[in-house]
Every structure is written in C-alpha cells, then in structure tokens.
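All the letters of the sequence shown, read from the start, carry residue numbers 124 to 913 under this note's numbering. Scroll down for the structure; my scribbles are underneath it.
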Amino acid sequence: MRIAVVGGGPGGLYFSALVKQLDRSHEVTIWERNAPDDTFGFGVVFSDETLGGIEHADPLVFAEMQRHFARWDDIDVHHRGTTTTSGGHGFAAMSRTELLGILQRRCGDLGVTVHYRAEAPHPDRLREEYDLVLAADGARSQLRTAYADVFRPSFETRRCKYMWLGTDLVFEAFKFYVEETPHGVMQIHGYPYDRTGSTFIVEMHDDVWQRAFGNIAALDLPPGESDTKSIALVEQLFAHVLDGHRVFANNSKWLNFLSLRNETWRHGNLVLIGDAAHTAHFSIGSGTKLAMEDALALAACLHEQPDLDTALTAYEAERRPVVLSTQRAAQASLEWFEDIGHYVHQEPEQFAFNIVTRSRRVTHENLRLRDPEFVAGIDTWFAGSQPVPTAPRPPMFHPYRLGHLELKNRIIVSAMDMYSAVDGLPTDFHLVHLGSKALGGAALVMTEMVCTSPEGRITPGCSGLYTPEQEAAWTRVVDFVHGATDARIGVQLGHSGRKGSTRLMWEGIDEPLPEGNWDVVAPSALPYSPANQVPRELSEAELADLRDEFVRNAEAAARAGFDVLELHCAHGYLLSSFISPLSNRRTDRYGGSLENRLRFPLEVFDAVRAVWPAERPMTVRISATDWFEGGTDVDDAVAVARAFAEHGADGIDVSTGQVVKEERPAFGRSYQTPYADRIRNEVGREFGVAVIAVGAISSYDDVNSILLAGRADLCALGRPHLYDPQWTLHAAADQEYAGPGVTWPDPFKAGSRRPQTGRSEGPRPRLELVRHGEPRTRHARWRPGSAPTG
Ligand SMILES: Cc1cc2nc3c(=O)[nH]c(=O)nc-3n(C[C@H](O)[C@H](O)[C@H](O)COP(=O)(O)OP(=O)(O)OC[C@H]3O[C@@H](n4cnc5c(N)ncnc54)[C@H](O)[C@@H]3O)c2cc1C
Ligand SMILES: Cc1cc2nc3c(=O)[nH]c(=O)nc-3n(C[C@H](O)[C@H](O)[C@H](O)COP(=O)(O)O)c2cc1C
Numbered sequence: 124m125r126i127a128v129v130g131g132g133p134g135g136l137y138f139s140a141l142v143k144q145l146d147r148s149h150e151v152t153i154w155e156r157n158a159p160d161d162t163f164g165f166g167v168v169f170s171d172e173t174l175g176g177i178e179h180a181d182p183l184v185f186a187e188m189q190r191h192f193a194r195w196d197d198i199d200v201h202h203r204g205t206t207t208t209s210g211g212h213g214f215a216a217m218s219r220t221e222l223l224g225i226l227q228r229r230c231g232d233l234g235v236t237v238h239y240r241a242e243a244p245h246p247d248r249l250r251e252e253y254d255l256v257l258a259a260d261g262a263r264s265q266l267r268t269a270y271a272d273v274f275r276p277s278f279e280t281r282r283c284k285y286m287w288l289g290t291d292l293v294f295e296a297f298k299f300y301v302e303e304t305p306h307g308v309m310q311i312h313g314y315p316y317d318r319t320g321s322t323f324i325v326e327m328h329d330d331v332w333q334r335a336f337g338n339i340a341a342l343d344l345p346p347g348e349s350d351t352k353s354i355a356l357v358e359q360l361f362a363h364v365l366d367g368h369r370v371f372a373n374n375s376k377w378l379n380f381l382s383l384r385n386e387t388w389r390h391g392n393l394v395l396i397g398d399a400a401h402t403a404h405f406s407i408g409s410g411t412k413l414a415m416e417d418a419l420a421l422a423a424c425l426h427e428q429p430d431l432d433t434a435l436t437a438y439e440a441e442r443r444p445v446v447l448s449t450q451r452a453a454q455a456s457l458e459w460f461e462d463i464g465h466y467v468h469q470e471p472e473q474f475a476f477n478i479v480t481r482s483r484r485v486t487h488e489n490l491r492l493r494d495p496e497f498v499a500g501i502d503t504w505f506a507g508s509q510p511v512p513t514a515p516r517p518p519m520f521h522p523y524r525l526g527h528l529e530l531k532n533r534i535i536v537s538a539m540d541m542y543s544a545v546d547g548l549p550t551d552f553h554l555v556h557l558g559s560k561a562l563g564g565a566a567l568v569m570t571e572m573v574c575t576s577p578e579g580r581i582t583p584g585c586s587g588l589y590t591p592e593q594e595a596a597w598t599r600v601v602d603f604v605h606g607a608t609d610a611r612i613g614v615q616l617g618h619s620g621r622k623g624s625t626r627l628m629w630e631g632i633d634e635p636l637p638e639g640n641w642d643v644v645a646p647s648a649l650p651y652s653p654a655n656q657v658p659r660e661l662s663e664a665e666l667a668d669l670r671d672e673f674v675r676n677a678e679a680a681a682r683a684g685f686d687v688l689e690l691h692c693a694h695g696y697l698l699s700s701f702i703s704p705l706s707n708r709r710t711d712r713y714g715g716s717l718e719n720r721l722r723f724p725l726e727v728f729d730a731v732r733a734v735w736p737a738e739r740p741m742t743v744r745i746s747a748t749d750w751f752e753g754g755t756d757v758d759d760a761v762a763v764a765r766a767f768a769e770h771g772a773d774g775i776d777v778s779t780g781q782v783v784k785e786e787r788p789a790f791g792r793s794y795q796t797p798y799a800d801r802i803r804n805e806v807g808r809e810f811g812v813a814v815i816a817v818g819a820i821s822s823y824d825d826v827n828s829i830l831l832a833g834r835a836d837l838c839a840l841g842r843p844h845l846y847d848p849q850w851t852l853h854a855a856a857d858q859e860y861a862g863p864g865v866t867w868p869d870p871f872k873a874g875s876r877r878p879q880t881g882r883s884e885g886p887r888p889r890l891e892l893v894r895h896g897e898p899r900t901r902h903a904r905w906r907p908g909s910a911p912t913g
C-alpha cells in the first residue's frame, strides 16, 4: 500500500512506525511542515492503561519511552493554604520533544520517508496518488477543512483561557494549585516530565483573564512581546509556588480550548486521526494519548481487515465510542474548571475530593482502592460536617432534614408514571408498586405525576387527586407506607399541558390517542410535535382556574397524609412549558422575559404553599436545560431555582429536557448532576434549600461520590428502582453496612444478607506456571506495565 501521512506529530509518526512494522512492503511518506527538533509543548502524560497498549504494540518504542518516564502516583491539591494528597493514580509522563525524537528515530529505522519543513501536497492530489491518506495534521487540520462538507466538524470555543508553559521546578506529583487572586480564581495544572522540568499550565475563566491580563492585551504589542509580558505576570502571581524557579515558554500563547467533533472521520481513502478528528481537554490526560491510541487502532484494523474500506470502517467503529466517552469526561472536567469559582469555598477535604472526581469517571470506590487513607479522611470529614456529627458511615446513609421533615437517608424513589390508573383512580398496582419501594429502604418515595384534572392527565392511564375516590385510594397507599415502614411518601402534582391526550408509554410515548382525544392547553398555540394536537392558548381567566385546581388537589394531598408535595415544573408539561421560551411565546405578562415566564408557575407555587401544611416540605422539579438552542440553559436554571427558593421551596429536584421534541441531550453517567451542582453551589447554600440530583445515577458509588463532592444533598433514582425495588437495602448490604439509615423491615430481616452462592468442591487454581512466550492460561492476569513472569 502507498500511504501518505500529513503531520509528523505523535499520531502521524506512531501510525507510520506501526504500519511499517506490520508490513515492510508498505510505502509510507510523512509531510511535516516543521523541522524535526521544532517541537512545541512540554510534557505528555499517559495512564497505565494506555501504556499497556503501547507496550504490546511496539516494545522497542515502549522501552525507549520507559527510559524517559517520570512516574508518580500522587495528586496534590493546593487550596486555601492546605495541601491534600490523593494517592495511587499511576501516571507516567515524558517530554514531548523526547517522545517525538523516539518516534522520529523509529520511523527512520523502519524506512518511513519523512519530509521535514515541507507543506503537504494538495489533498486532492494525495487522494489520487495514494491508496490511503492519513490526516494527522492537528486540530486545525487543512485536510479536514478541505472536505468540511463531508466531515461536518463542529467547534465549540470554551470559556477559560490557558497557556501551556514549562518550569525548571520539578514537581514530585501531579499538582493543582488553586489561587484566589484579586482578579479571581486561577489554577495551575503541573506535572513533572523529566529530571529537568515540569509542565506548568495556567488556566482561568475569561472574566478573570480579562481583569488580570486585559491591560497587557490592550497595549496592542506584537504577539511575542505581549506573551512575554503575560508570562512575567504569571511568574509574579505564582512566585510563591515557583520559589525562585523560572517559567519558560515554547511558542506559548493564550488560548481558549476548542472542543472539536466530526460527524465522520473518513472520506473515501482519507482518514482523520488524533487532534484532526477530536480534541479532549488537557485536564483529563493529553491529546497525545488519544492520538497514539487512534494510531494503534488504525494500524491494527489495516492489518486485521481484508480490505481498506472494511479497515477504515472498523477503525471508526472501534474508536468512536471510546473517544466519545473520553470527550464526555473531558467536557465534565473542563466545565468544572470553568466553574471553579463556585467550589473554592468548599473545605479542603471536600474540594480535593471534588477536583479528583470532577470528570465523574473516578469515584469514591475507585479512590478507596487507590488510596484508602484519603477516602477514610473524606468520609470522616463528611460525617463530622453533618448537623449532628456522627461516626463515619457510607455517605448515602447519613440522615437529612428536608424543611422540617427528617429523612433517614439520602435516597429518593424518583417520580415514575405507571400509566396504570383507571379514570384517574390509583389501583392496587399503585399500592403494591409504591409499597414495595417504601419497603426497599429509600428514605422518600415519590408518586408518579398525579394530575390535577381529567384534561390535565398525560394519558388515560394517569392518576389524579381531583375526586374523593382518588383521595381515598391515595390515602390507602400513604397509610400503608406510614404503617409498614419508616419511609416518607411524597406526591408530585402536575398538569400535562400540550403533552396531554397521548398514549400509554408502551403504546407510543407522546403520540396522540387513536381516538377519544381531549383538548389540550398551553401558554401558546404551539404543538409539541407536528403529530400532536395544537393546544389552545390559555386566557388569564383559565390560568386562575388552573391555579385553583392545583390548590384543590394540594388540599386533597394534605388530607391524604402525604409528607412532601412536589410541583412538577419540568419535562415540558404545563408549568414547564410556561418557563421555556421555546413553548411560551406569549406577549402578555406571562410571556417574554424569564420573570414573566415564571409568573404562572410561581403563582401556582404560592397558592399551593398557602394551603399545604407549613411543617410539610414542598419541592419543585425543574428542567434545568431544554437541550436545544434558544431554550433555557444552566444560567436560567439557577435563576429559576433561586425564584422558587425565594418563594419558599424546600428543595429543587434537578431534571432536564423533554420540553421540545427536537432536543439533543448529552446522555451519560449522572449526566444531569452538573446542573444540580451549579444550583446547589449558587442557590442551595444561600437559601438552605435541598438540591436533588437525578438521572442515570445507578450505583451507590455514584451516590456517595455526588454527596461527598457536594454536588447534591439527595439523589433520586428512577429506573434502578424498577430493576430492584430494594435498591437501597441492597446497597447497604453491598457496602456491608447495617447501621442507622438502613431499615430492613422486620419480616424481611432473615434476608438481609446477600444469599450464599453455590460452592465448587474442586480446589481453586492457586498457582500459575507461565513462561515468556508460552500461551497464558485462562487464569493468567496481565497487569499493564508488567511482563508475565512465573
Ligand atoms: C501550544 C500547544 C502545546 C501543547 N503542549 C502539550 C503538552 O505539553 N503535552 C501534551 O500532552 N499535549 C500538548 N498539546 C496537545 C497535543 O499537542 C495534541 O493533543 C497532540 O499532539 C495531538 O497529536 P496529533 O499527532 O494528532 O497532532 P499534532 O501533534 O498537532 O501534530 C500535527 C502536525 O501536523 C503538522 N502539520 C499540520 N498541517 C500540515 C501541513 N499542511 N503540512 C505539513 N505538516 C502539517 C504540524 O506541524 C504538526 O506537527 C499541546 C498543544 C498545543 C497547541
Ligand atoms: C417509567 C417512567 C416514568 C416516569 N414518570 C415520571 C413522572 O411521572 N414524573 C417525573 O417527574 N418524572 C418521571 N420520570 C423520570 C424519572 O423520575 C427520572 O427523572 C428519570 O427516569 C431519570 O432517572 P433514572 O436514570 O434514575 O431513571 C419517569 C421515568 C420513567 C422511567
């Protein structure tokens, strides 16, 4: 094969060396516009996992790299005059210059042709003359730009400025220095790369940068001079960290991180790798690692697959999910640093836990394995920081006071519509469903959205509280929960608005009924989708009637004995559709500004609060983002939460989306938690309001991590409770915890330990006798970075 590689960075060089090793008959040519020793940047970091792959693929390159590695385990967090260390992380780093040198030499030895100081020929020509063209030409890839209509790249310029610098101060760990300067919070990401120096990245929010460096930028100096002045100021601001050491630049300038994604990575025989295909914020590990992993996967696919087309398809299929997952973690991490100003108030233990778990990939449990002492410290701190300090226990089992209501632990069964009511009447299904969840150990069990009128139902299977029979049926459920368990039960009240008159979930969610539709109402006459009914725009008189309906249902809920009332202002139902500018286009005092759009939901809240018993808490569920351009986003969510807090809400339940059909949610592990986090840190603390996180929180480890990092006060879990009604009790058993906050109902106590599994009578394999080069047995364990011995 004739292969053209544009770009002699780590991606292009590593791929060329690998592909040439796999088949010496390949003709590989690289164009690199820089000189061989012209490399920019300082150190590159690898995790143990990446190193495992590199070690297998090319032991010679790996051995060379290993000779240059700086290795360390600790992350030191310097914050408010304290240093908190989290150990066991296993990093290796080396200088980028050294890495490129190794790869360049390897390419030279293997007969790869490299044209240095040479612009690549036009991509059309390359595609014609070569069997395969590799675009390894970095984030500003010209090859990708030439076929932008095919690759359809999307760019997002982020809100922090950073500069990549080096220092001759050799750190002994990965360092975060978080400084509260007069201009705002700035942070250093520092790590050693060899015996002579460390990478020293300085980063801050655009606003902070403007205050600190805006004067220099305003001088309108030539770029080099301006950067030199900036670097002198960085040295001055971090003089106490540098302790007399110098900071040096290498083509360093202020940048805003550019998040880059492409819809596809290939165009015929042209394929993107590394930064040309995707970027991931430097704070979770370098782009170098991703570029080298891409190179490895592409070389392997070319070797394994019968033809080029299949190989390129296999490469993208293999790498895309891994890259997407890394980009999600990188996004969480970069957003965390953008918002760092909201976290600096945290106590050092919590701040350190927060910073190391910021990408949501590292959790309480992972950290316990890496550094039990660090985790014991944070558990002890958390236990001591409670209103009534206790001995450490799994964080999820600390009690919580929601308004005046004592909750035994931090778990809520999230509201879930069962679509099993008959003419609005809850049935035995509801008794068994909610009863079993209350027996399962959660502190608070929420009903489904209980609708305020027949027309306010979503589907014919939705329940209400608008008739005496419905009130009696709900009273039976509440009485069971109160009589048989120490759980609390809350009612979620809502009106379907323009999403009403639709089918049961399993018959076609949000689709209109085949027959028997009822009229739907909304702030504006805009249908949820072209297939849904066009709602009638509500008049002010109708709004007053609807508000009174909420009040009557709330009075019934109070009589039924519910402990908590949650107003459903999320998911595009009536109250939510007032808040979103995508569904509310009114021109009266109920539309336009956020203040106006909130008017009706707040009127309903106030009217309900007035009749809901003062000692019983009220919460509000919101959609913190519409996941669609022009809709609400996190800043609006903070304002919405603040408004409800000012009106007396005891808790904000932070969900997202389902407001417009065209939404584009970024699903992933606990993907809604960053919204809860922002609200907790900006509103929750100020008003003493509880913040509830929900959405793809599926393990006790996620819950513990969220609580310890201060991202929420309570966690609501939906689907995990459909899978396992005794989710909370099982979480206690799995953590081998049986203290306060866990109540196995007396009749269930005999089953409070994980059942024994079958025991094999045969002896367990204890010894492994494996030699180098021999096939490993089923039991052989491979640890990255270690050779199998025996
Ligand atoms: C200023 C700066 C400093 C950085 N420092 C570090 C660091 O210290 N540690 C770290 O881990 N990561 C660092 N990074 C990020 C890291 O460089 C990338 O994520 C990683 O190198 C990606 O590898 P790549 O092979 O995909 O692309 P790159 O390393 O960007 O390589 C692309 C190469 O293509 C060449 N090229 C582009 N177009 C053409 C053309 N038309 N003709 C010929 N040649 C061309 C470029 O000269 C470049 O050498 C830094 C990035 C920047 C911008
Ligand atoms: C079957 C089902 C019904 C739901 N009904 C409601 C509801 O009535 N009210 C509500 O606010 N959310 C409802 N939700 C959303 C859940 O409360 C929760 O926010 C969502 O499922 C994400 O949490 P999870 O990942 O833990 O399931 C429902 C979810 C499911 C799966």
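From the three backbone atoms N, C-alpha and C, an ideal C-beta is built for every residue, glycine too. The structure displayed is predicted, hence computed values, not measured ones.
If residue i and residue j are in contact, beta carbons under 8 Å, what's the gap, nearest whole angstrom?
{"i": "arginine 422", "j": "leucine 145", "result": "Before going further, note that residue 422 is alanine rather than arginine in the sequence given. Confirmed, Cβ separation roughly 6 Å."}
{"i": "serine 703", "j": "glycine 754", "result": "6 Å"}
{"i": "proline 246", "j": "leucine 266", "result": "5 Å"}
{"i": "proline 518", "j": "phenylalanine 505", "result": "5 Å"}
{"i": "arginine 528", "j": "proline 740", "result": "Residue identity differs from the one stated: residue 528 is leucine in this sequence, not arginine. The pair is a contact, with the Cβ atoms about 5 Å apart (cut-off 8 Å)."}
Could you check what DSSP says for residue i in three-state terms: helix, strand or coil?
{"i": "aspartate 847", "result": "coil"}
{"i": "leucine 141", "result": "helix"}
{"i": "proline 345", "result": "coil"}
{"i": "histidine 390", "result": "strand"}
{"i": "valine 734", "result": "helix"}
{"i": "phenylalanine 163", "result": "coil"}
{"i": "aspartate 758", "result": "helix"}
{"i": "lysine 622", "result": "helix"}
{"i": "asparagine 707", "result": "coil"}
{"i": "alanine 193", "result": "strand"}
{"i": "threonine 900", "result": "With a pLDDT of 34 at threonine 900, under the threshold of 50, the predicted position of this residue should be treated as unreliable, though the coordinate-derived value follows. In the structure shown, threonine 900 sits in coil (DSSP, three-state: anything other than H, G, I, E or B)."}
{"i": "arginine 894", "result": "Bear in mind that a pLDDT of 49 at arginine 894, under 50, signals an unreliable position, so the number given afterwards is only what the model happens to contain. Three-state result, arginine 894: coil."}
{"i": "proline 363", "result": "Checking the sequence shown, residue 363 turns out to be histidine, not proline. Three-state result, histidine 363: helix."}
{"i": "leucine 831", "result": "helix"}
Is any heavy atom in ligand 4 found nearer than 7 Å to the beta carbon of residue i?
{"i": "leucine 616", "result": "Within the structure as shown, ligand 4 is missing, the only ligands being ligand 1 and ligand 2."}
Go through its chain and collect everything with a Cβ distance to residue i's Cβ below 7 Å, but skip five positions before and after it.
{"i": "methionine 124", "result": "His149, Asp254 and Leu255"}
{"i": "valine 331", "result": "His306, Gly307, Val308 and Met309"}
{"i": "alanine 100", "result": "Beyond the ends of the chain as shown, which are 124 and 913, falls residue 100; an answer cannot be given."}
{"i": "lysine 784", "result": "Tyr651 and Ser652"}
Around the C-beta of residue i, are 16 or more other C-beta atoms found within 10 angstroms, so that it is buried, or is it exposed?
{"i": "lysine 872", "result": "exposed"}
{"i": "aspartate 432", "result": "exposed"}
{"i": "alanine 768", "result": "buried"}
{"i": "tyrosine 846", "result": "exposed"}
{"i": "glycine 134", "result": "buried"}
{"i": "proline 797", "result": "buried"}
{"i": "histidine 694", "result": "buried"}
{"i": "phenylalanine 138", "result": "buried"}
Report all residues from its chain with a CB closer than 8 Å to the CB of residue i; omit the five preceding and five following residues, and keep chain order.
{"i": "glutamine 795", "result": "Ala747, Val777, Ser778, Thr779, Ala816, Val817, Gly818 and Ala819"}
{"i": "leucine 627", "result": "Tyr542, Thr582, Pro583 and Gly584"}
{"i": "threonine 387", "result": "Val273, Phe274, Arg275 and Glu439"}
{"i": "threonine 550", "result": "Ser543, Ala544 and Ala596"}
So, for residue i: in the same chain, excluding its five sequence neighbours on each side, which residues have a beta-carbon less than 6 Å away from its beta-carbon?
{"i": "alanine 645", "result": "Gly620, Arg621, Pro658 and Ser700"}
{"i": "threonine 152", "result": "Ala127 and Thr236"}
{"i": "valine 200", "result": "Thr207, Phe299, Ala475 and Ile478"}
{"i": "aspartate 824", "result": "Thr486, His487 and Glu488"}
{"i": "glutamine 189", "result": "none"}
{"i": "aspartate 350", "result": "Lys376"}
{"i": "glycine 313", "result": "Phe294, Lys298, Ser321 and Phe323"}
Checklist entry - In the segment 421 to 472, which residue ranges form an unbroken alpha helix (DSSP H) of at least 4 residues, counting only runs that do not cross its ends? => result You should have 431 to 461.
Checklist entry - What are the uninterrupted segments assigned as beta strand (DSSP E) that are 3 or more residues long and contained completely in the segment 223 to 262, given in chain order? => result List check, beta strand (DSSP E) in window: 236 to 238 and 255 to 258.
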